[in-house]
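K.L.:
Okay, handing you the structure first.
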Amino acid sequence: MFKRIVMAFFFSVTTPFGIALGIALSKTYKENSPTALITEGLLNASSAGLLIYMALVDLLTTDFMGQKLQGNIKLQIKCYLAVFLGAGGMSLMAKWA
């Protein structure tokens, strides 16, 4: 019971805390400073890495390790081609974003 209360507390406090922190830092934040650019780049890279990990390891492995796909080479090739085309399309869209 105590664990649920602590988790509910932190769940309900994180958003207001983040908003307050953002308001406090907005006065001193310089958008084009080298420190801000490096920090933003590192945070973007880690977010992208987490998304790639989740997509490849957690989501696709269950699909690619299934009996239906393991027994059919033609279907495997189609699935791999679809994954690579999807990743290429997302990379192409990221260039404009």
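Residues 125 to 221 in the working numbering are what the sequence shown spells out, letter by letter.
Beta carbons are placed, not taken as given, at the ideal position from N, Cα and C, and that holds for glycine.
Bear in mind the structure is a predicted one, so any value in this text is a computation, not a measurement.
1) State the DSSP-derived secondary structure class of Lys154, mapped to helix, strand or coil.
2) Please report the Cβ distance between Leu199 and Leu193, rounded to the nearest whole angstrom; I am assuming they are in contact, meaning their Cβ atoms lie under 8 Å.
3) Between Lys127 and Ala160, what straight-line distance do the alpha-carbon atoms span, to the nearest angstrom?
4) Over the uninterrupted alpha helix (DSSP H) stretch that includes Gly195, give me the two end residues.
P.N.:
Well, looking at it:
1) coil
2) Right, their Cβ atoms sit about 6 Å apart.
3) 36 Å
4) No alpha helix (DSSP H) contains Gly195, which DSSP labels as neither H nor E.
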